[in-house]
Amino acid sequence: MSTVIWALSPHPPLLIPEVGGESLEQVRQTREGLEAVCRAVAESRPERLVLITPHAPVHPQAVPVFVLDRMTGNLGRFGHPEVTFELELDRDLSQALIRAAEERGVRVLALDESLAASRKVSLDLDHGLMVPLYYLERAGVHVPAVVMSISWLPEEEHVRLGEALREVLRECPYRVAVLASGDLSHRLLDSGPYGFDEMGPVFDRRLLELLEKADHAGILDLPEEMVERAGQCGVRPILTLLGSLEPGAQAKIHSYEGPFGVGYATAHFSMPEEPVANPTPDDDPRSTDHV
């Protein structure tokens, strides 16, 4: 099989009702957009997920790929330890991705229990994963996953990683959905977590334009100063996602808003449906001779 859908999810914890409470109404567009994305994922009937998060352990010179049987997490950091998650991982598919990336010269890191213990890093699900998982589970998506983080390698390396992922998934026996988790500028409002920078709104507008065209080259060409001043966490996951797209995949932007000073976008990409050919006379049952 191959990839059947690609998706972009933001990850503010307030999208989860137990955390957001009354504030959830202020991100209604995002909530409805993410619900629509996850419905589209569910309708594509995936048998595996590939999840890309910027908030798992990051290595400066390699992209961590989790090689585990399962991951767990909860929202205790956000005041709700009773909201828990458990995700089964597909070790074989994770290792296939690692091999394909290495063959392409993309530096990846197999993050397993032993390495995590030696580096003293967490193997728990982070909020970049738990927020989209909450909505995927509500949509009825419960399948094993591959989980990867990002690195501080040049951004184009993440495109190349996505291309390696595309090749692996073309040979995969499962229907696969790829989801990148990432927020856009964190500097949209004076009242936001990092204050205001005029480049924040400019960056978000331009990124959305490029996302709609699936233009990873355009994202790579964005001025470095603009990207830096925007204060975002979505570029590298998005570039990995776009690198994994099949040629001809079409974008649907479901929503964008930034009511708390951080840009939240929801989108998905899918292949256009092939037109149904009109039956030829030989195919038309009405043209069949009957005895």
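In terms of numbering that gives the first Met the number 0, the sequence shown opens at residue 0 and continues consecutively. Each residue gets a CB set at the ideal place from its N, CA and C atoms; glycine is no exception.
Cα-Cα separation between Cys37 and Arg174, rounded to whole angstroms
Taking the sequence shown and counting its residues from 1, the one referred to as residue 37 is at position 38. Taking the sequence shown and counting its residues from 1, the one referred to as residue 174 is at position 175. In a straight line, the C-alpha of Cys37 is about 15 angstroms away from that of Arg174.
Should the segment 89-100 be regarded as contacting the segment 144-153, the criterion being three or more beta carbon pairs within less than 8 angstroms?
yes
Could you tell me if Arg186 is buried or exposed, where buried requires 16 or more neighbouring beta carbons within 10 angstroms of its beta carbon?
The count along the sequence shown starts at 1 and reaches residue 186 at position 187. It is buried - the Cβ of Arg186 has at least 16 other Cβ atoms within 10 Å.
Cβ pair count under 8 angstroms reaching 3, the segment 0-10 against the segment 153-172:
Verdict: yes, contact present.
Paired residues, beta bridge with Glu85 - DSSP:
Position 86 of the sequence shown, counted from the start, is the residue given in the question as residue 85. Glu85 has Thr71 as its beta-bridge partners, per DSSP.
Leu241 to Gly260, Cα distance in whole Å?
Position 242 of the sequence shown holds residue 241. Position 261 of the sequence shown holds residue 260. Roughly 25 angstroms separates the two Cα atoms.
Where Arg169 sits in the DSSP three-state scheme:
Here residue 169 is taken as the residue at index 170 of the sequence shown, counted from 1. Helix, per DSSP.
Considering just the uninterrupted stretch of the beta strand (DSSP E) at Arg47, what are its terminal residues?
As a working note, residue 47 is residue 48 in the sequence shown. Here the beta strand (DSSP E) through Arg47 covers 47-51.
Does DSSP put Ser243 in a helix, a strand or coil?
Counting from one through the sequence shown, the residue named residue 243 turns up at place 244. Three-state DSSP puts Ser243 in coil, outside helix and strand.
Taking a contact to mean a Cβ-Cβ separation below 8 angstroms, would you say Leu14 touches Val120 in this structure?
By one-based count along the sequence shown, residue 14 stands at place 15. By one-based count along the sequence shown, residue 120 stands at place 121. Contact: no.
If you run the structure through DSSP and keep just helix, strand and coil, what is Phe259?
The sequence position of residue 259 within the sequence shown is 260, counting from 1. Residue state, collapsed to three classes: coil.
Euclidean distance between Cα positions of His215 and Arg118
Taking the first residue of the sequence shown as 1, we reach residue 215 at position 216. Taking the first residue of the sequence shown as 1, we reach residue 118 at position 119. Each residue's alpha carbon lies about 33 angstroms from the other.
Residue nearest to Ala55 in terms of C-alpha spacing, selected from Ile149, Glu245, Arg228, Leu7
Numbered from its first residue, the sequence shown carries residue 55 at position 56. Closest by alpha carbon: Ile149.
Please list the terminal residues of the continuous alpha helix (DSSP H) segment that includes Ala179.
Here residue 179 corresponds to residue number 180 of the sequence shown, with the count starting at 1. Note, Ala179: premise wrong, no alpha helix (DSSP H); beta strand (DSSP E) at 175-180.
Give every residue of the same chain whose Cβ lies closer than 6 angstroms to the Cβ of Gln249, excluding the five residues on either side of it in the sequence, and list them in chain order.
Numbered from 1 along the sequence shown, position 250 holds the residue referred to as residue 249. If we look at Gln249 and ignore the five residues flanking it on each side, its Cβ neighbours are Pro271.
Rounded separation between Val226 and Arg235 - CA only:
Along the sequence shown, read from residue 1 onward, the residue named residue 226 stands at position 227. Along the sequence shown, read from residue 1 onward, the residue named residue 235 stands at position 236. Cα-Cα distance, rounded: 11 angstroms.
In terms of alpha-carbon separation, which member of Arg27, Cys232, Leu88 lies closest to Leu122?
Numbered from 1 along the sequence shown, position 123 holds the residue referred to as residue 122. Of the candidates Arg27, Cys232, Leu88, the one whose C-alpha sits nearest the C-alpha of Leu122 is Leu88.
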